[in-house]
Amino acid sequence: MRWIFRLIGAVVVLVVLAFTAIAFLPGEKIAGFAAREISARTGRQVTISGEVTPVFYPVLGVRTGPVEIANAEWAAAGPMVKADSLLVGVELIPLLSGAVKVRELRVERPVVRLEKSKTGKGNWELSAPSAGAKPSGSPSGGLGNASLADGRITDGEFTFIDRQSGISETVSGIDLAITAPDITGEIDLSGGLKRNGESIRFSGKIGTFDQFLSGQVSAISLNATAGFAAMSIVGHAAISPLVAEMDVDINISQPKAAMSFGGLATDIPNSLGTPIAFSGKTTLAADGGIYARGAKITLGNNILNGDFDLSSGARPKLTAKLSAGDLNFTALAGDDAKSSTSEVKTDDGWSKAKIDASGLNALNADVVLKAASLDLGAIQFGEIRLRVQLDNGRLVADLGQAKAYDGTIAGQVVVNARSGLSVGGDITAQGVALQPLLKDTAEYDRLIANSSFAVKILASGNSINALMHSLSGSGSVEIGSGEIVGFDIAGMLKNLDTSFRGKGNKTVFDSIKASYQITGGVLENTDLVFESPILDATGTGQVDIGNKMVDYRITAIGSYKKSDDNGTSGVTFPVHITGPWSNMKFTPDIAKVIDKELEKQKKEAETKLKGTIDQAKSEAETKLRNDAETAVKEGVEKTLGDLLNKIKKP
Numbered sequence: 104m105r106w107i108f109r110l111i112g113a114v115v116v117l118v119v120l121a122f123t124a125i126a127f128l129p130g131e132k133i134a135g136f137a138a139r140e141i142s143a144r145t146g147r148q149v150t151i152s153g154e155v156t157p158v159f160y161p162v163l164g165v166r167t168g169p170v171e172i173a174n175a176e177w178a179a180a181g182p183m184v185k186a187d188s189l190l191v192g193v194e195l196i197p198l199l200s201g202a203v204k205v206r207e208l209r210v211e212r213p214v215v216r217l218e219k220s221k222t223g224k225g226n227w228e229l230s231a232p233s234a235g236a237k238p239s240g241s242p243s244g245g246l247g248n249a250s251l252a253d254g255r256i257t258d259g260e261f262t263f264i265d266r267q268s269g270i271s272e273t274v275s276g277i278d279l280a281i282t283a284p285d286i287t288g289e290i291d292l293s294g295g296l297k298r299n300g301e302s303i304r305f306s307g308k309i310g311t312f313d314q315f316l317s318g319q320v321s322a323i324s325l326n327a328t329a330g331f332a333a334m335s336i337v338g339h340a341a342i343s344p345l346v347a348e349m350d351v352d353i354n355i356s357q358p359k360a361a362m363s364f365g366g367l368a369t370d371i372p373n374s375l376g377t378p379i380a381f382s383g384k385t386t387l388a389a390d391g392g393i394y395a396r397g398a399k400i401t402l403g404n405n406i407l408n409g410d411f412d413l414s415s416g417a418r419p420k421l422t423a424k425l426s427a428g429d430l431n432f433t434a435l436a437g438d439d440a441k442s443s444t445s446e447v448k449t450d451d452g453w454s455k456a457k458i459d460a461s462g463l464n465a466l467n468a469d470v471v472l473k474a475a476s477l478d479l480g481a482i483q484f485g486e487i488r489l490r491v492q493l494d495n496g497r498l499v500a501d502l503g504q505a506k507a508y509d510g511t512i513a514g515q516v517v518v519n520a521r522s523g524l525s526v527g528g529d530i531t532a533q534g535v536a537l538q539p540l541l542k543d544t545a546e547y548d549r550l551i552a553n554s555s556f557a558v559k560i561l562a563s564g565n566s567i568n569a570l571m572h573s574l575s576g577s578g579s580v581e582i583g584s585g586e587i588v589g590f591d592i593a594g595m596l597k598n599l600d601t602s603f604r605g606k607g608n609k610t611v612f613d614s615i616k617a618s619y620q621i622t623g624g625v626l627e628n629t630d631l632v633f634e635s636p637i638l639d640a641t642g643t644g645q646v647d648i649g650n651k652m653v654d655y656r657i658t659a660i661g662s663y664k665k666s667d668d669n670g671t672s673g674v675t676f677p678v679h680i681t682g683p684w685s686n687m688k689f690t691p692d693i694a695k696v697i698d699k700e701l702e703k704q705k706k707e708a709e710t711k712l713k714g715t716i717d718q719a720k721s722e723a724e725t726k727l728r729n730d731a732e733t734a735v736k737e738g739v740e741k742t743l744g745d746l747l748n749k750i751k752k753p
């Protein structure tokens, strides 16, 4: 801004010197003289083209044609300033006594280009006038006791280019009014601008303006209003280098309109259409960093308090430590769910809507949040201390020991957008209530129990559908006593009726244990152990997470009372669980029953046959043994008889 008022000062000096001979000098000589004066004061080449004419009514002054002020040698964005025309009017009586009272200043359609080099140097940093080019006017070359009653810039355009960060912004349709009763005192600013269909009005004050122009700290205030937001800034600032300490208060009633004004994407969830506000003591450092202390951030009905630092550079870094009471972002989850359903309708499948995670590359961050509770819609936490670190597009959320669903959940969740999108997690839980957890995350509410589990997962893809189909990992689960609603296997066993749906319609159990592997979005388990007071069971099968389907078999072994002698007997009862998650079917596995009964009868027949064969063999062996013994006995007796008969003969 300093160079603007140097320009004003140069033109003021031009008026002082030129009016004594204005009737005698041709316009081109006046233009040349003015260009030399402004060049001397700014250190930049100034070109005034077109006709320069005196003005006697309604003010005494001069009007120029197009004006250009050259850019810095290293800049490549064209002239630093150009305008269609310039009008300066002064008060005659003070002028005769040596005081310059500028009554009117008009700058028509100026185009201002401010540029910061890769080394951080600004093209607005003007060199001091050289000794050989000392401007006319006061010995010091300053503005003296000049004043400005009515200064106006109409239909201006402002462009800012930062070659360090790659940022380039342009704002057009700028109107600015300046009133400076005493250039060494306080000045008033007011005006407005339009951008992307949105308009804003502003007003402000700068104290000790001459000191402000020389780079010293001065009091400032600024108020801005628009249909979508309001802002108030009160504090102190300097422009060389640009530093400030301010009390800032910002209220954004329509975030979508505010984003449109800023040239940002507006396809945000409707839930972010709720008011957003910020207040706190804010410091702008010479290196471009922003530091806030005692900040209060309001997002709808959610309030966060704390401190944050935002460094400048090609990739800014946000460091924050925040605290909050109960945070509720269920509306955000609801909007996402609705948009996903409306964009891509799949048969109870996952959304195929593309996930844009490019925002993770906008900055680096290290944010610590402590909240009394956090409701994300898809999952709810009680007291939580969450640390989020973002480094070159890779986000790591550390849950610490978060309270959730009557238990605790700990671990990390990783979202990596460096090359495509991948999501991973290493989570453990203790004493978590399964019914509300599964209801929130999988829309399943039939399992009532507390559980401890561990899970490691990894997935990649640009949509929820792709992520779920690529899911891989492993885990284990231990579930304490509870019940399965809508499935009464004990009643089936007791009544020997597979269609039994008795009162209560549930299965009570003591424990469930299992481990699993996940490959290509399909979870496979082979070691389920189910224990209950009436029956035990084992299970094996698959849960197709990608397609939300189940194909699982449970084999129950139970006992029931016999009707004849009040004794008990055991029975095996296999159940086949199939279908989509939203409508799973529990049906007796008749084929399994038949196969098992046939196997049983086969074994009984084999046992019986083996017994018959063994008995026949034993009987044959006994008979043969007896026959042999008889034959031997008879043979011996016959031999002995023959021998005795021979002995008795003479």
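Heads up: take any position in the sequence shown, counting from 1, add 103, and you land on the numbering used here. For each residue, glycine too, the CB sits at the ideal point set by N, CA and C.
Check                                                                                                                        : Outcome
Chain-order list of residues whose beta-carbon lies under 6 Å from that of Phe556 (same chain, five-residue window excluded) : Ala532, Val580
Cβ contact check for the stretch 611-627 and the stretch 567-577: 3 or more pairs under 8 Å                                  : yes
Stretch-stretch touch, CB-based, cutoff 8 Å, three pairs: the stretch 534-547 with the stretch 557-564                       : no
Buried or exposed (CB count within 10 angstroms, at least 16 for buried), Pro213                                             : buried
Separation of Phe411 from Asp352, as counted between CA atoms                                                                : 15 Å
Met362 versus Asp258, Gly300, Glu260, residue with shortest Cα-Cα distance                                                   : Gly300
Where Ser579 falls: helix, strand or coil (DSSP)                                                                             : strand
From Val149, Arg166, Thr150, residue whose alpha carbon lies closest to that of Pro157                                       : Arg166
Beta carbon of Lys308 nearer than 8 Å to that of Asp285                                                                      : no
CB-CB length for Gly585 against Ala617, believed under 8 Å                                                                   : Not confirmed; about 14 Å, so no contact.
Simplified DSSP state of Asp187, which is helix, strand or coil                                                              : coil
Extent of the continuous alpha helix (DSSP H) run through Asn553                                                             : That residue, Asn553, is in no alpha helix (DSSP H); its beta strand (DSSP E) goes 550-563.
Residue nearest to Pro677 in terms of C-alpha spacing, selected from Phe484, Leu638, Lys651                                  : Leu638
Pro77, enclosing beta strand (DSSP E) - first and last residue                                                               : For the chain, the structure presents residues 104 to 753; residue 77 sits outside this window and is missing.
Residue environment, Asp613, which counts as buried when at least 16 other CB atoms sit within 10 Å                          : exposed
Separation of Thr681 from Ile657, as counted between CA atoms                                                                : 11 Å
Candidates Ser476, Gln492, Thr725: closest to Gly485 by CA position                                                          : Ser476
Local conformation of Thr377 per DSSP, three classes                                                                         : coil
Own chain partners of Gly527 with C-beta closer than 7 Å, once the 5 adjacent residues on each side are dropped              : Val517, Ile560, Leu561
Three-state secondary structure assigned by DSSP to Gln538                                                                   : helix
Those residues which DSSP pairs with Glu171 across a bridge                                                                  : Thr150, Lys185
The alpha helix (DSSP H) enclosing Ser426, as first and last residue numbers                                                 : No alpha helix (DSSP H) contains Ser426, which is instead part of the beta strand (DSSP E) from 420-431.
Straight-line gap, Thr273 to Lys297 (C-alpha atoms, nearest Å)                                                               : 11 Å
C-alpha gap between Trp227 and Gln319, whole angstroms                                                                       : 16 Å
Range covered by the alpha helix (DSSP H) that runs through Asn568                                                           : 567-572
Range covered by the alpha helix (DSSP H) that runs through Ala361                                                           : 358-364
Asn405 in three-state terms, based on DSSP                                                                                   : strand
Buried/exposed call for Arg216, threshold 16 Cβ in 10 Å                                                                      : buried
Length at least 4, wholly inside the stretch 301-361: the alpha helix (DSSP H) runs in chain order                           : 312-316
Nearest candidate by alpha-carbon position, reference Ala502, set Leu524, Gly496, Val470                                     : Correcting the residue type first, residue 502 is Leu in the shown sequence and not Ala. The option with the nearest alpha carbon to Leu502 is Val470.
Contact under 8 Å by Cβ, Leu387 with Ile393                                                                                  : yes
Secondary structure of Gly485, DSSP reduced to three states                                                                  : coil
Alpha carbon of Ser324 to alpha carbon of Phe364, nearest angstrom                                                           : 22 Å
Spatial distance of Gly245 from Ser414 (CA atoms)                                                                            : Note that Gly245 scores 45 on pLDDT, short of 50, meaning its location in the model is unreliable; the coordinates nonetheless yield the value given after this. Rounded to whole angstroms, Gly245 to Ser414 spans 36 Å at the Cα level.
Exposure label - Ile512; buried when at least 16 CB within 10 Å                                                              : buried
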